[in-house]
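Since the structure comes first, as structure tokens, the remarks are kept for the end.
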Ligand code: SAH
Ligand code: SF4
Ligand code: F3S
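In my numbering, the protein residues as written are 553 to 976.
Structure below.
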């Protein structure tokens with residue numbers, strides 16, 4: 553899944569804050585502060601700004617957070633300077649993503665700690681919050697609370713608590729989200745929307761932090777998903793993207809209040825989405841090569857509203873590396889899958905690749921390069937391996953030097969640029 557550059561909720565930079573004088577009396581107490589010290593008795597923070605990092609899942613989560621806050625009387629503003637509450641919805645997938653966030657938060661050093669409505673409140677939300685938990689407060693004294701992705705419904709309470717006390721707030725841990733959070737009615741764009749169909753991931757690719765921060769996979773009930781889509785369509789949405797870390801393994805939960813015996817697979821869900829009146833087109837991401845089947849491709853070809861585009865991350869062309877990555881397919885199986893896709897759907901294809909995974913030799917790298925030359929993806933997102941603590945791959949030595957990772961990264965980028973041009 554590519555990281556998203558579109559940030560309407562959060563596109564503004566922190567301009568002009570440097571050089572401002574810190575107001576005295578607003579400095580936060582440390583985590584050990586036991587005193588209940590009201591920070592503002594009756595001044596309610598009224599405005600908020602969300603800066604979003606990371607993938608489409610986070611873009612959608614920021615909308616859900618915004619919708620929930622708007623329903624509680626907060627106002628969204630266009631720049632961080634106007635905000636009483638600043639939320640950073642963050643990504644942990646690579647160290648670089650984290651570094652960007654820490655440096656962004658660092659920019660608030662010189663910002664006055666008070667706003668017209670009371671003290672400035674800063675919340676670290678999303679994957680970094682879950683990854684660092686209490687450790688985040690040690691990294692930045694400016695953070696008032698941390699809130700993991702599965703607990704975003706708690707944000708209004710965390711803000712309220714932060715208003716009343718200098719103690720740090722925390723809402724982390726794995727849980728299925730309450731369904732109401734998906735119905736808070738805020739859209740960044742008028743005609744397109746992301747729809748979360750699964751939360752979390754069960755694949756545990758050895759390099760990946762996502763299962764650790766988003767938890768094990770949970771599918772939303774298909775009736776809830778369809779209701780959300782219909783509501784959005786009634787408000788003018790024409791195109792949707794169904795989101796999940798591995799959408800192919802979607803399975804509607806059985807035995808719920810909605811329909812006690814239901815069991816709906818991903819392909820069945822696609823058929824249902826195709827029938828939503830007024831919806832013009834839909835797509836989905838991300839598919840896992842081990843689960844993307846001929847049946848799926850047939851459904852894509854048959855369903856008239858399904859956009860003919862597939863994102864299928866290969867990660868590496870070397871079977872040895874794929875095994876170490878715990879990807880559960882070989883390069884040959886991936887190529888067979890793509891042949892089927894081309895035969896049946898014959899449409900656009902993109903992928904993700906990691907270079908410099910531990911022990912990746914020149915031969916392994918050349919296998920990836922060869923695969924890229926053969927397949928000629930319309931688009932490829934190429935990443936340098938980044939060690940993530942607590943993952944399985946973190947037990948392996950990060951033995952490909954940064955210089956070599958950069959070299960391999962550039963070779964593949966140049967190759968992909970050429971491929972993309974040929975495709976156009
Ligand atoms: N579930 C999706 C998205 C995962 S994150 C999927 O499986 O495709 C998006 C991409 O980030 C991954 O596909 C992978 O290429 C890359 N990525 C994940 N962890 C990484 C790490 N530790 N270092 C470098 N790239 C990583
Ligand atoms: Fe991470 Fe693998 Fe799950 Fe994608 S499928 S989120 S790469 S563990
Ligand atoms: Fe997405 Fe980054 Fe979290 S890729 S799921 S925001 S770690």
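Virtual Cβ for every residue (Gly too), placed ideally from N, Cα, C. Keep in mind the model is a prediction, meaning the values are calculated, not measured.
Closer than 8 Å to a non-hydrogen atom of the ligand SAH - does that hold for the CB of residue i?
i	result
residue 629	no
residue 945	yes
residue 952	no
residue 904	yes
residue 646	yes
residue 867	yes
residue 679	no
residue 626	no
residue 881	no
residue 861	no
residue 750	no
Tell me which residues share the same chain as residue i and place their Cβ nearer than 6 Å to its Cβ, disregarding the 5 neighbours each side in the sequence.
i	result
residue 866	886, 903
residue 573	Low local confidence applies: a pLDDT of 24 at residue 573 is under 50, so the model's placement there is unreliable, and no value is given.
residue 527	Nothing about residue 527 can be read from this structure; the chain reaches only from 553 to 976.
residue 614	561, 602, 604, 641
residue 683	644, 765
residue 909	873, 937
residue 579	Model confidence at residue 579 stands at a pLDDT of 28, short of 50, so the residue's coordinates are unreliable and nothing is read from them.
residue 845	none
residue 801	843
Residue i: which of the options sits nearest, CA to CA?
i	options	result
residue 671	705, 718, 792, 642	718
residue 626	637, 632, 862	637
residue 966	891, 937, 931, 942	931
residue 609	746, 660, 689	746
residue 853	946, 643, 826, 633	826
residue 832	772, 768, 743	743
residue 815	787, 783, 771	771
residue 839	706, 624, 755, 969	755
residue 730	751, 895, 739	751
residue 696	660, 727, 893	660
residue 804	782, 786, 775	775
residue 739	819, 785, 685, 864	785
residue 958	947, 946, 922, 917	917
residue 777	892, 628, 732, 797	732
residue 869	862, 879, 861	879
residue 692	598, 842, 654	654
residue 792	759, 828, 819	828
residue 790	798, 859, 845	859
residue 748	782, 712, 724, 837	837
residue 923	949, 883, 900	883
residue 768	796, 788, 759	796
residue 600	612, 633, 606, 611	633
residue 724	779, 741, 685	685
residue 847	819, 714, 877, 871	819
When you measure from the CB of residue i to every non-hydrogen atom of the ligand F3S, does any distance come out below 8 Å?
i	result
residue 1037	Here the chain has residues from 553 to 976 only, and residue 1037 is not among them.
residue 643	yes
residue 721	no
residue 765	yes
residue 649	yes
residue 910	no
residue 800	no
Here's a check: name, in chain order, each residue in its chain whose Cβ is nearer than 8 Å to the Cβ of residue i, leaving out the five neighbours to either side.
i	result
residue 974	928
residue 688	676, 680, 681, 695, 698
residue 590	For residue 590, the pLDDT reaches just 39, beneath the cut-off of 50, and the residue's location in the model is therefore unreliable, leaving the point undetermined.
residue 921	869, 963, 964, 967
If you drop the 5 nearest sequence neighbours on each side, which residues of the same chain put their C-beta closer than 7 Å to that of residue i?
i	result
residue 585	Model confidence at residue 585 stands at a pLDDT of 29, short of 50, so the residue's coordinates are unreliable and nothing is read from them.
residue 961	907, 934, 936
residue 616	704, 733, 734, 736
residue 849	892, 893, 896, 897
residue 855	822, 823, 826
residue 594	For residue 594, the pLDDT reaches just 44, beneath the cut-off of 50, and the residue's location in the model is therefore unreliable, although a value from the coordinates is still provided. Nothing meets the Cβ criterion.
residue 782	828
residue 857	826, 831, 832, 833, 834
Quick check on the contact list: which residues have their beta carbon closer than 6 Å to a heavy atom of the ligand SF4? 753, 755, 756, 757, 760, 762, 763, 797, 798, 840
What runs of the alpha helix (DSSP H), each 4 residues or longer, lie entirely inside the region 781-867?
Listed in chain order, the alpha helix (DSSP H) runs fully inside the region 781-867 are 818-826, 846-854, counting runs of at least 4 residues.
What residue ranges within the region 682-713 form continuous alpha helix (DSSP H) runs of no fewer than 4 residues, ordered along the chain? 687-691
message = In chain order, what are the residue ranges of uninterrupted beta strand (DSSP E) at least 3 long that sit wholly in the region 873-917?
response = 900-907
**Report entry** Within the region 630-684, ranges of the beta strand (DSSP E) (whole runs, at least 3 residues)
**Finding:** 637-642, 673-678
Those runs of the alpha helix (DSSP H) which lie wholly inside the region 732-791 and span at least 4 residues: 762-766, 774-786
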